[in-house]
Structure formats: structure tokens, C-alpha cells
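Residue numbers (this note's numbering), protein chains in the order written: chain A, 3 to 372; chain B, 3 to 372; chain C, 3 to 372; chain D, 3 to 372.
Here is the structure we will look at.
Below, the structure is given as C-alpha cells:
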């Protein structure tokens, strides 16, 4: 009886896996596997339950090998085996599946080999939200960041040679050679300050104080650059995501390209799962919504109204009535465009025709609901 | 004789309490209670004055139970007992009133049970100014912040497994298992650097240096994201608060919506208690004020002029006369709109009619005062 | 013979002192005095040269008492003694002059009393450039900053009570009471991390890790708020300083108020001492200069041309000729308005008449110099 | 046989060296030299291979002396010896060539003298990308930065004297004099926190807590100022670099100055080496490219098209076709101007004629390729 249920589930899982997305079981395997690996290194835990611990680890490994096999097969079906194997995802999959067995084959101890299970975490990387955005910031700001990194290295070397020279006679153990002094310098310049290696001579401390203050400066520059880059990228990202959606709302179609650019600058995109409450009756409202894709249900007294792509709702809040008049819930995965009160007023001022359309529609609905 | 005074005070306190705001006695009870709890844990203090210490704590607790009872009663009167108990405020109130007694009932030691008095601090949370603003920033920027957090965790795990592998033979005590290494990694990646656990092998230190520098990077991204989000939120918040007030000033009523949006962008809202000096005679002035609500008193030579909602003052400073000519004091709680010299000039350029009105009014007043 | 020289110098010094500005000797006395006080606490230095060290300190103190007397006298002459004594400056002056003698009078040891000489540093505060700007940022952003501070305190108390509860049995010495735990929490939450007090139990470390990560978050918010406030304040400050100067340049007088606001947004104010080289012949040029006040000398081949208030120079760099053609040196203290290449081009586009004036003047000069 | 090859290579190297740029061999010598110097201080490494280590160091030194000689000679040829010697580059070159020999001549130990080889790193400074930009930020923001530095010093001195006073009796070893307390204060205020010197009295810890929290504040201000300055500088730098390139693209020549300023604000400059793939077939495209200088090759099916200065490509991505249709590779060192999808749409709205030109050219190419 269970087979007819398992088969389609497995088929669906295989297709999802082949689509190279992380499936829910894959996420679970990563989390469970890595935590179990951590447990494996704790002696009391290992000794009392090493069968269980190892069982879980082998199960996770089997899962990843299985995943790798499915992906290889699907890739082979479309004659892209090599391109898959050479892609970031392919390399990670291969490493995750074979690192531990290979280590064992090369004679590593069992508990040492399992440490490589930490690589499974890398599988999560492509699924991190906003990673692409962060990478773009790093690429666009790479020149000043590199510049700060070089200044960091310069201070590191100059500081550590100076302190080595000043402290080597007093503390030959810790400042006796430049690599040790470099260790001190890194610990100091990043303001970590373990305190395992500390200058004690007055001049050594003076140099150390300069290194610390330089550390603050380097850090400030670093943060300033990233903040600047991030602000620019956020603006750009928001615009792109929104432009695409705006073009799908018939409401804005009548506007000229200049007005559309204006509107796009003002709207914020919001992706929601199904059955999410967007507006709660009686709440304070300060924005209205356009449906780029999906469907919502407005829970009016006595009846339920369904709104689909291109419709808008919540406009009452912007036309003087602050309290929300009805619950609104998504019925499908939906992408909404949010127009804040702030921007609605600017928009009204610049494009009175748009404001009139919203006004007219609001009036029409009010009459209808009476 | 004291009864007739106490009764209305108590009634007023009960109404204020029922309104679910933190009353002044409640703030006092939180501060005194928590500080006394801290004292309770200090042996000499406890031994010399434990009757006093416990007395204060029981008094505070009684206060919070009393507060809880009042709120329950008022909630019951409007048939909202359950919704109160399930709200954030209700849950906190209940926890604050019953955590310590419950702990005592379950057999905890007296000094241990009183530690739970630290929960009283949570009562202050809803009263923190600007908390809503901070929460909006965190919500709007949640995707990139989550992304940075995941990168943080990734570096944490990869770094700690690597250092565990490199250091476990040299320092089995501190790097002998991955949880210990994770502790080291958190301490290092946040640049806290206690120095209780420090790598000593060259390779271990190299990995540690990379972890530290990554720490700076993660921190920089984190700050950059929050700074970006905060800048956007500040702009929005200011606009919203000001728009509301601008609409109450008849002076701006004649402007079209586009001009009002312009003006709103320029004004800053300022809430002042009664009897606050706004302008001191002889000071350098660089802004003018509109009264959104409240009342001020202008202390002219020989007479006092009272200005109310919709009036403006301090415009002389913007029309060439830099020194303030009179003291201006609020007589009620007032909300003022501040127009900086900078923005006044931009406004004059864009809306000459508005500038003329201000100019005419200023001239009229000057004549009147001569 | 020396008297005739000393008397006017002394008179000048007294007038400068009475003007309540820090005079150069006062700065010297602060720096020398504080460094000598530091020296006083070092035993070997004190023992070998305590006559010298004390002599210098008494000399500095005498200077500050003398300064205080002069100011009191001048204040008395204009019947403002009390207002001087109650002002920030007056309080600091009084404290600097009498703190050490009073401490000695109350029986403090000599070396202890002199420690109060550190107060002399506070005299420098009102002279810090840009302090007013920093204060404005702190005032304007005070609500969110306070909010972050309260969150900081909340985490501090919750974290320290939790760690006290978890660690008190294992480390009664360091976590035995809440004040000790609070010390640990401050050290951790600011990411200082001395390592004198460190949790050792697994749960204690987990709470500590959360406190550290919260520390990063609090810090990021803090920085974000300050960065936002600072950006706004810089824009405002620049505009104000520039507007004042622009109005003094006849060149811009013909522009309407909207254009002046535009120009003001683009110009940067620069204050230069006399005999400063502004342009070096042969350098790459990317800006032009307007003289708001002062005088400059253009070192042309064969002759020297002097330009005064309202004139402009360096415009060649913006009209295609990148190399500077002559040295330009200030002859007086001057305030220049700098127009960057970037902004010049925007200005040309928006106000073609202005561009033509610059162009015509440039051509005229070129012909003249041929 | 080798001579005919070596001679022109040497000549080319000498010319490159005389041009005062860092040549690739110079970079190599710096990196190898400094790393070898680090090795020299490690006892085991030095003892087993000191001939090798010293050989490498002498070789590097010889190289730098040789470089210095070439530059002196070329400078002498153009009668600029003195100006070369007095320039930053000349001083660094001289120091790098003669510091170690001079130290040896003055009787320093061999291993001590070689420590000066760390100065070689300074040679890299003028080659750091974006250094000029960082310097401009520091110069423009110097007033507020100085202000923060003075506040830093103020807290440093006040804090250390206070803690010295409070802790000197309990810990005479570490807080017995103010310089030691200053060391503690620097370590604390920069949030480094070695933990070698820690206050233990309750009052001392309270002052320390205030110093730490001030540390966060100072740091936040510092970062905020740098972030603000950096944002402004980035905008300016980008505009300048782009303006220069835009003027070389005939395509934009027809636009008026206002439109050119608009376009310049939107374009991003990108410098690419030869043989770099710009567009990969099948990728998602979100920008188009203009060639400011250089040459690219478009790999169309069946033929290769070469585009040179002034041409544009990748416009399909902006006209609805998201997938890139062909590989595009640079054939020379090229400077490209990138127009993002975001900005293209704004540009279309504001300058419809420009959009039409792009549209027409795109249509023409499409027909041609069919």
C-alpha cells in the first residue's frame, strides 16, 4: 500500500534534486549531518552513543552520494555531464560526496575523516538570499577595498617588525621572530586582542598604540566603503525587481516611460507565500498595494472579493481613512508592489491623472459595498 | 484628612495603569527592583541588610501584581481579558507578576528565585522611543542581514573545524573537540578575543588570522546594511510625521499638493514640553518655526504676545536679521515645525508667493512693534 | 630695554585672553602641564628631577590662575562677572585654577592633588573644530541613539543575570554576584574581551556567544545612526557656510534665487592662511576658484596679477586645458569657493549664461596674456 | 645567442624603471625580499639555510640599488636629479637602497640590519589603486576626523588618570603610574582588550565601563564620518572618469551638455585587459556597453565582427531579449562604458532620440545577422 505513495514522492524529489535546487531533505541532511559531526568530536557523547552518531553520519553521506548520482544522471541525459562537474555546484556536490570516503581510503582515522563533513555546509551557499547582491557590492567596490587591504598589510608588516625590534630582548619567547610579531600584529590590528602576546617596553607599547588606532581607521574606511557600495546596490536592485513587476500592472500602462521610472523608484516589491494576512482589519494603514502576480482575498462584511493580477487594494488608507476596513489574505504565492503614503502623495502631485483613477476606483468600491 | 487626597490620586493612577502605559511609579519600581535584586546577590550587602533588601523586592513584586490585577479587571470590563493576556504586554505583565512566586513554589532558593526579577526590565521595552523605527529597519533589511548571518555561521564552522584539526594534538584541553573550537571561533569572529583559548601552531594561527580578517569584513557589511536601511527609514519617518502636522497649518493650505510635498521634505517636527524656551534673545538664529499644535508666548519689550496653532515666528532670522529679537517660550505642550535657513532659501526660490506671505507678515509685525 | 617690548606683548596677550579664546601660550601650558603631570607619577622620573617637574606644574598653575584673574577683571568691567562664572568656560576656568590648590588645602598628598591637573585638558574642548557639528548630530539623532543605548542596557542585564545563574557554582569567585557578571557583560558586549572573567560551562558559553553577536548588532545600529546623521549634517553645514560666501561674489549676483541655491549646493568653502600655494604650475587641474574674501596673486610670466574679492581663477582647467598655467598664491587670509569640474559641467548645462560669462572672461585673459 | 634577447629586454626594463613605475620584477623583489627577511628572524630556518636566505636578500638589495642608479641617471639626463631625490618616490628609493648598508656600516648586527628591509614595502604605496581617492576623503573630512581624534585623546587622559587614582593602591604594579594607565586606556578605548592590565575595584570597573562605551561612540562617529566622505568621493570620482570617456564616444556627441551630464551620471567606467570575455552567450544580460577606447570581437554564428572606439554592443538585453546572443571578447586593453538596465530606461524616458538611435542600430544588426 505504501509503494503507490512513495513512488510519486520519490519522483518529485528526484526532479527537484535534478533541478539543482537545495531540497528540504538536503537542508535537513546538512544541518543534522554537521551537528552530528560536531557531536562526534565530543568524547563523552561519542563513547555513549557512537553507533547512533556514526549511523546518522553515514546516512547523510549516503544521501549526498545519492543526490550526486541523480544529478549526474540528469546531466548526462542532456549531455551536460562535464559542464555540471565543472560548475561551482558540481564541484561542491562531488567534494561533499567523496571527501570523507577518500580520506578514509587514504588511511585517515575515522573521527578525523568525518571532520570533512563540515564541507556539506558549502552546499547551502548558493541558496543564501541576497548573496548575489553582496557579491556585486564586493566586485564594484573591489578597488578601494583592495586598497584598504594593502594598507592593512603595510601597517601589519611595519608594526610587527618595529615591535619585534623593540621587544625581542625582553620577550624572546613571544617576539623573538617576525612571524610571532606578525601574529601579534594581526590580533591587535583587528582589535581582537587575545592578550597572549603583549608588548611591555614603553616604546613597544607606543608602537602598539599606533597600530591599534590605525586599526580603528582601517576598520572605519572598510565599513564606509561597504556602506556606500551597499546603499547604491540596494537602490539598483530594488529598481530592477520593481520595474519588471510594474510592467505587468495594467494600471500603470497608460503612463509614459518617464512616469513609469518615477513610479518604479517609489514602489517596493514584496513576495508573499499563500495564506498570508496582508492587512488586518482595524490596523493603522500607511500604504497601498498593487498585485504584480498572484491573488488575494478581501474579507468584506457578508462577502469575499477576490482580486488578481493588476488589481490594487488598501487605497483607503491613503485617501484619509486611516483604519483598515477589511482583512486581506493571499490565496496564492503573490508578488505585491507596495506604495507608501509618503510616495503616494508625491505621486499624486506629479501625476494627477493617476491619483484620479485611484480616487474613482475607491469611490466605486465604496458605493458597491454600501 | 489624607484620604480625600489619596483617593483621587489612586483613581488617577488606576486609570493610567489600565491605559496600559508605563506609569512613573512603574518605571521607579522597575529601576529600584532590579538594582535591589543586583544588591541581593552581593554577599556583604545581603548579610548586613537582608531585611531591607527583601522588603524592597517584595514591595516591587506586590506593585506588579497589583498592576496586573487592575489591568485584568479593566480588560474584563470591556470583555477583552483573553486578548490582553495573549498580547505581548499581557504576557510580560503576567511573567513579571508570577515568575518569582512560581519559582519559590517549585522549591527554588530565595536568592535564586529573585534573579527572575530581571524580567521586570522587559516591561520597559514597549516604551523605548524609536523602537518601531529600529524594527522596521531590521524587517526591511532582513534579507541581506540574514545573508550576512549565514556567512558568519559558515566562517564560524569552517574556521573552528580547521583550527580543531590543526591544534587538537598540541592543545587537547582547549581544542580537543569542535564545540570548544566553536567557542574560540565566536570569540574571535566577533573580535572579542578573551584569550582563554588561543591557537599556537603556525598553521592554526594562519587560519585564525583569516578568521579575524573575515570578522572585520562581516562586521563592515553588517554595519553598511544597517546604515543604509537606517538612512532610508529616517527619511520616511520624518516625512510621515511632518506631513500630518503640515496639514494643520493654515499657512500651507493654499499650496498645491506638489508644493506641500516639497515643504514637508524640508520641515522638521519638534515636540516640546510646556515652559520650554525656544528662542533666547540675542542668540544667533538660523531657522524659523510654525506651530502645528500648542501655544507659545513671545516676550516683546513692554508686552507679551501669544501665538497659537498655525502661527509662525522666528522668521526675522531668515530675512537678514541674524540676532533673535525676543525670548519665545512654550506655554503648553507644543509641536513645532522647524524650517532651516538652508531650506527656507530653496523654498523662496521655488514658491515665491509663500516667501511673500512670510515677508508681508514680518513687515506687519515690525511696524506693529515700533 | 626689554620693558618697551614686553608691555605691548603683555597687553595684547591680556586682550586675547579676555576675549575668552585659547591663546597659544594657554595651549602650550595645557600640553606641557598635562605631560609633566604624567611624568610626576613615574617614580624614577620623579625621584631624579622632582624639583623641575614640580616647578613646571606650579608655573602652569600660576598661568591658569593669572588667566582666570584677567577674565574675571574684564568680565567685571562689563558687569558680567556672574554670567562668566556660570558659563561652561567660566566653570572650567575656575576648576582648572583652583582644583589642585583646594585638594592640597583639604590635605591630599602632593602627587595625588596634581592628578587633578588632567582637568586642564577640558579647556581645549570649546576649541575643537567641528565640535558643534558633532553635537548637532548627537542631538538630532538622540532618540534612536537613546533607543540603542536602552537595548544595550537590556541585553547587559539579561545576559549578566543569565550567566551569573549558569556559572556561579563553577566560578564563585568571578560570577558569584551580579555586579561581577555585569562587568563581564560590559567587557563582552563592547567586544573588548579582556579575558579576566570568562564563562566555562557549555550553557554559559552559549549565552555569551549570543551576547557577543548582539554586541555586533548594537554596534552596527549605533554606527548606522551616526553615519546617517553625519551625512545630513555635513550637507547642511556646507550649504550654510557657502550660501553666506556666495552672496559676496558679484559674479553670482545676477542669478535668480533658484540658481543661487543650485550654485550653493555645488560650491565648497575653503579657508586658507596667507602665503599658501593654491595652484602649482604644471599640475593637473580639476576645479576653479572664486574669491569670497581675501586676495590671491597669479604668477604669470613676466608679471604678477592680483585678484581680490569676487574674482575667479583656475577656470582654464574646466575649459579643456588640463595643466595649470601659473602658480597662484594667497596674499591674505582668504576664503575661496571651489567649483569642481563635475559640478561646473552641470552648471554649464543648467545656466548657459553663467558659462558664457566664464568663457568670455577666460578668452579675455588669454588674449591679454599673449 | 642569449645576448640579442637579453639586451632589448634589459633596455625595455630600464626604460620602464626610469618611467618611475613599479616594474613586475620590482614587485617580485619586494615580496620575495620581505618574506625572506621574515624567514631570517626564524632561528631554525636561518640555521639550516642561512646562505640561501642571505643570498636572496643581497640579490634584492642589489636590484634596488641598481633601480636607484638607473633612475638617478635618467633624472640627471633631464637635469631633474634634485627634484627626483626630493620627491616621495626618490626618498623612498634612496631609503630602500641604502638603509641596510648604512645600518651595517654603523655597526648593527647583520640580522638586525636586515630588518630595515621592511621599508621595501613602502615602494608599493604609490601603486595602490584608489589611494588618491582615500587621501581625498581624509583631507576633505579632516576637520571632523581631527575633532573625533581630540575627543579620543580627551577620554584617554581623563579615563586613565581616574583609573590610576582608583586602582594604584590595589594594583601598584600595573596602575602605579599614569603611563601604565594610559596603556590600559588605549587598549580599552580601541576595544582591543588584551587583559594584561584590568581594573578590579568596583569604581575602577565603573570608569572602565564608561570608557568602553565611549569607545563604541567614538568608533561609530569615526566610521560615520568616513562613510559619508567616501560616498561623496565615489560619486565625484565616477563622474570625472566617465565624463572624459563619454566625450570620446561619437554616439553621445549629438547630445546637449545637460543630456551629457545626465548620461555621465548613469554610465560606469570599466577597464579591461585584452582577451577578457565581456559577454558569455546564453547569460542573463542587464546592461549594454559603449567602447570608449580599445576593441572587442563579437563571435556571431559563422563570422566574427570587430567593434572599435565609439561602437556599442549588448543593447539587445535592454530591448526585451534577456539572453545574450553571442560571446564578446576584448582584443586590446579596452575602456568600456557600462549602461545598466535601470539607467537605460530612465535615459529612454528623458532622451527619446537617443533611445531611437539605439533601437534603429539594433534592428539594422538583427536584419544583417539573419
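Note that beta-carbon positions come from the ideal geometry of N, C-alpha and C, so glycine has one too.
{"Asked": "By DSSP, does residue 279(A) sit in helix, in strand, or in coil?", "Found": "strand"}
{"Asked": "Interface residues of chain C around residue 161(A) at Cβ under 9 Å?", "Found": "Going along chain C, no residue has its Cβ under 9 Å from residue 161(A), so there is no contact; the nearest lies around 20 Å."}
{"Asked": "Using a Cβ cut-off of 8 Å, pull out every chain C residue sitting near residue 225(A), in sequence order please.", "Found": "225"}
{"Asked": "Which residue marks the beginning of the alpha helix (DSSP H) containing residue 45(A), and which one marks its end?", "Found": "45 to 79"}
{"Asked": "Can you pull out the residues from the region 211 to 225 of chain A whose beta carbon lies closer than 8 Å to at least one beta carbon of chain G?", "Found": "Annotation note: the requested chain G is absent from the structure, which comprises protein chains A, B, C and D."}
{"Asked": "Return the bridge partner residues of residue 336(C) from the DSSP annotation.", "Found": "274(C)"}
{"Asked": "If we count Cβ pairs, one from each stretch, closer than 8 Å, do we get three or more for the region 344 to 353 of chain B versus the region 20 to 35 of chain C?", "Found": "no"}
{"Asked": "Per DSSP, residue 300(C) is paired with what?", "Found": "307(C) and 330(C)"}
{"Asked": "Can you give me the C-alpha to C-alpha distance between residue 375(B) and residue 132(A), rounded to a whole angstrom?", "Found": "Residue 375(B) lies beyond the stretch modelled for chain B, which goes from 3 to 372, so this question has no answer here."}
{"Asked": "Taking Cβ positions only, does residue 132(B) come closer than 8 Å to chain D?", "Found": "no"}
{"Asked": "Counting only runs of 4+ residues fully inside the region 98 to 132 of chain D, write out the alpha helix (DSSP H) ranges in chain order.", "Found": "112 to 115"}
{"Asked": "Answer yes or no: does any C-beta atom of chain B fall closer than 8 Å to that of residue 51(D)?", "Found": "no"}
{"Asked": "Could you name the residues that DSSP lists as bridge partners for residue 2(B)?", "Found": "The question about residue 2(B) has no answer, for chain B in this structure spans 3 to 372."}
{"Asked": "Does the CB of residue 104(A) have a neighbour CB from chain B at under 8 Å?", "Found": "no"}
{"Asked": "Please state if the CB of residue 184(A) and the CB of residue 158(A) are separated by a distance shorter than 8 Å.", "Found": "yes"}
{"Asked": "By the three-class DSSP mapping on this structure, what secondary structure does residue 1(C) have?", "Found": "Coverage of chain C is limited to positions 3 through 372, which leaves residue 1(C) absent and any answer about it impossible."}
{"Asked": "In this structure, how does DSSP classify residue 286(B) when only helix, strand and coil are distinguished?", "Found": "strand"}
{"Asked": "Between the C-alpha atoms of residue 334(A) and residue 201(C), what's the straight-line distance to the nearest angstrom?", "Found": "49 Å"}
{"Asked": "Just mark residue 162(B) as buried or exposed, buried being the case when its beta carbon has 16 or more other beta carbons within 10 Å.", "Found": "buried"}
{"Asked": "Tell me, to the nearest whole angstrom, how far the beta carbon of residue 115(D) is from that of residue 106(D); I am working on the premise that it is less than 8 Å.", "Found": "5 Å"}
{"Asked": "To which residues of the same chain is residue 357(A) closer than 6 Å at the C-beta, ignoring the five residues directly before and after it?", "Found": "350"}
{"Asked": "Got a sec, what are the start and stop residues for the alpha helix (DSSP H) residue 166(C) sits in?", "Found": "144 to 169"}
{"Asked": "Quick check: what's the CA-CA separation for residue 272(A) versus residue 46(B)?", "Found": "58 Å"}
{"Asked": "So which residues on chain D does residue 111(C) lean against when the C-beta distance must stay under 9 Å?", "Found": "Under the 9 Å cutoff, chain D gives no residues; its nearest Cβ is about 11 Å from residue 111(C)."}
{"Asked": "To the nearest angstrom, how far is the alpha carbon of residue 172(A) from that of residue 190(C)?", "Found": "31 Å"}
{"Asked": "State the start and end residues of the unbroken alpha helix (DSSP H) segment that holds residue 174(B).", "Found": "174 to 177"}
{"Asked": "I need the straight-line Cα distance from residue 160(A) to residue 343(C), nearest angstrom please.", "Found": "38 Å"}
{"Asked": "In three-state terms, what does DSSP make of residue 320(B)?", "Found": "helix"}
{"Asked": "Please name the residue, chosen from 366(D), 370(D) and 345(D), that lies closest to residue 305(D) on a Cα-to-Cα basis.", "Found": "370(D)"}
{"Asked": "What did DSSP end up calling residue 82(C) once you bin it into helix, strand or coil?", "Found": "coil"}
{"Asked": "Of all the residues that make up the region 329 to 340 of chain A, which are near chain B by a beta-carbon distance shorter than 8 Å?", "Found": "none"}
{"Asked": "Taking buried to mean at least 16 other C-beta atoms within 10 Å of its own C-beta, is residue 336(B) buried or exposed?", "Found": "buried"}
{"Asked": "Anyone know if the C-beta pair for residue 235(C) and residue 298(C) falls short of 8 Å?", "Found": "no"}
{"Asked": "Just checking: is the beta-carbon of residue 233(D) within a distance shorter than 8 Å of some beta-carbon in chain A?", "Found": "yes"}
{"Asked": "Could you say which of 224(B), 316(B) and 331(B) lies nearest to residue 2(B) if we only look at CA atoms?", "Found": "The question about residue 2(B) has no answer here: the residues shown for chain B are numbered 3 through 372."}
{"Asked": "Residue 195(B) CB to nearest chain A CB: under 8 Å?", "Found": "yes"}
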